[in-house]
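**Q**
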DNA sequence: TCAAAAGTGTTGTTTATACACCCATGT
DNA sequence: ACATGGGTGTATAAACAACACTTTTGA
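Protein chains in written order, with the numbering used here: chain H, 2 to 241; chain U, 2 to 241.
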């Protein structure tokens, strides 16, 4: 697979290429992220059929007749999580996902951000799904730590993109409930960044950016001072 | 067309969608940019066949058998400009480019940056190509200022992406010859940003970023002080 | 009164912006 | 000597990073 990052293309000769057309298979898949219990999780599905039967993979399927790519991705997301109206963005299109599928297969990847508590995973025996911590991915049937196709690379790319996005957009709204504490918000950012952040600077930053605003409500979790609840200024994706 | 920018997906019901599969047409197109005579230009092709016969469009074609997407894009680039080994990056994949083509058509867009003087345009009567200033796009046969398909939106998106990239990468190397003056470099940045930049601050910035370095060579253009020649520290794409 | 998470300001450093004059050359 | 583009530095403002103590609550 060619990594989905900027690079020079080694200009191969164009001889006897591109002249012969065909109708490749078109698939759409969705990298679904959530944050739960201090960690970033991704939804994977264990394949119940060939190829890669028994391996864990990013959920996806073929593009349906008369649906756009965005619609196909949203459909996949609903099928696997039951949620709709969340942040969903096209990631990259892979033209050579693996060597076992027929030449010319094209897979359009999306990534989605969902609130853990809004999700209900489908009950299925043959193609089960489960959440995995981003640093504790499951093993293949052979016992090695690997996913079907080139899905590990895809995940890495999706994570890189998510980290960028978090810096200059408000997309975190899609990972949180309508009201949340500053600590919950910070946990989301820390889980994705993969490092601890300073409490005071974090608060200053998100308030200065204007992506969240305080409410009058407070919430009491345990034997300590109650926390003020915040809410997103907008629940539409916005570049700050 | 759905704009290739972040947005919420309106979750349509998944009823009778996605179950029926098909083999959509897969096309690859390349937005080719260059900078020439103080301005940013894009290469367009006048379509010699239906649909949109006689309209100007972004060059592209169908994905060939047994070539990857990157290879198809590089092939297209060579066919239209003769250049290879330039900056070429996947842009976005469009699933509903226009309403006239059969449902399910998928078009993978790339964008490329080429040095004007390296390009030799093919001589063709039926499908001619030409450079157009980004703010003086050609008209349709009906005389309106519009391109085939949704190509105007695609161009706008490509330009937005290019502007971003220029800020934090060294991709400008692909627009310039091996040796160039600081003014030439600044012209490239100004053409793409669409605004004038301060000479001293610009120089400081590119040197501090380390993307270019001075050489011992100078060049004399006219009746004034000779200019020092610079060269890119690396001609591989790099994120600064 | 103790433990646990919530909440709050200041200082120093780095980065970005604004801005004006001299230099080397050909005519 | 003059016209032309090449080349340089400083001061201010803004953004970011580091850092420690007090508050509120339940047990």
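Think of the CB as a built atom: it goes at the ideal place given N, C-alpha and C, for glycine as much as any other residue.
Just so it is clear, the structure is predicted and the values come from calculations on it, not from any experiment.
1) Pick from 211(U), 224(U) and 80(U): whose alpha carbon is nearest that of residue 240(U)?
2) Considering only the beta carbon of each residue, do residue 1(H) and residue 110(H) sit closer than 9 Å?
3) For residue 127(U), is the classification buried or exposed, using 16 other Cβ atoms within 10 angstroms of its Cβ as the cut-off for buried?
4) So the beta strand (DSSP E) residue 46(U) belongs to, where does it begin and stop?
5) Between residue 28(U) and the rest of its own chain, which residues show a CB-CB distance below 6 Å, the 5 nearest in sequence each way excluded?
6) Considering only the alpha carbon of each residue, which of 46(U), 220(U), 226(U) and 206(U) lies closest to residue 169(U)?
7) What does the alpha-carbon distance come out to for the pair residue 226(H) and residue 203(H)?
8) Distance cutoff 9 Å, beta carbons only. Does residue 25(H) sit that close to anything in chain U?
9) How would you list, in chain order, the residues of chain H whose beta-carbon sits under 8 Å from the beta-carbon of residue 107(U)?
10) If we require 3 or more residues per run, which beta strand (DSSP E) segments fall completely within the segment 98-165 of chain H?
11) I'd like to know if residue 95(U) contacts chain H, where contact means its C-beta is closer than 9 Å to some C-beta of that chain.
12) Where does residue 51(H) sit, in a helix, a strand or coil, going by DSSP?
13) Per DSSP, what kind of secondary structure is residue 28(H) in: helix, strand or coil?
14) Evaluate contact between the segment 31-40 of chain U and the segment 37-48 of chain H, counting only Cβ atoms and requiring at least three cross-stretch pairs below 8 Å.
15) Starting from residue 200(U), trace the alpha helix (DSSP H) both ways and give me its first and last residue.
16) May I ask you to report which of helix, strand or coil DSSP gives residue 1(H)?
17) Grab me the residues of residue 74(U)'s own chain with a C-beta within less than 7 Å of its C-beta, minus the 5 sequence neighbours each way, in chain order.
18) Name, please, each residue of chain U whose Cβ falls closer than 8 Å to the Cβ of residue 39(H).
19) Please report the straight-line C-alpha distance between residue 185(H) and residue 179(U), rounded to a whole angstrom.
20) Could you tell me the alpha carbon to alpha carbon distance between residue 215(U) and residue 190(U), rounded to whole angstroms?
21) Is residue 87(U) helix, strand or coil by DSSP?
22) Do residue 142(U) and residue 148(U) have their beta-carbon atoms positioned less than 9 Å apart in this structure?
23) Following the continuous alpha helix (DSSP H) through residue 80(U), name the residue where it begins and the one where it ends.
24) Helix, strand or coil: which one does DSSP assign to residue 58(H)?
25) Which residues, taken in chain order from the segment 81-92 of chain U, show a beta carbon closer than 9 Å to some beta carbon of chain H?
26) Going by alpha carbons, who is nearest to residue 232(H) out of 173(H), 129(H) and 50(H)?
**A** On the basis of the coordinates in this document:
1) Shortest Cα-Cα distance from residue 240(U) to any of 211(U), 224(U) and 80(U) involves 211(U).
2) Any property of residue 1(H) remains undetermined from this structure, which presents chain H solely from 2 to 241.
3) exposed
4) 40-47
5) Closer than 6 Å at the Cβ level, and outside the excluded window around residue 28(U), lie 61, 63 and 108.
6) 206(U)
7) 19 Å
8) yes
9) 27, 64, 70, 107 and 109
10) 107-114 and 130-134
11) yes
12) coil
13) Three-state result, residue 28(H): strand.
14) no
15) 200-210
16) Nothing can be reported for residue 1(H), as the shown portion of chain H is limited to 2 through 241.
17) 29, 31, 89 and 111
18) Within chain U, no residue comes near residue 39(H); the closest Cβ sits about 26 Å away, beyond 8 Å.
19) 51 Å
20) 18 Å
21) Here residue 87(U) sits in coil by DSSP.
22) no
23) 70-82
24) Residue state, collapsed to three classes: strand.
25) 84, 85, 86, 87, 88, 89, 90 and 91
26) 173(H)
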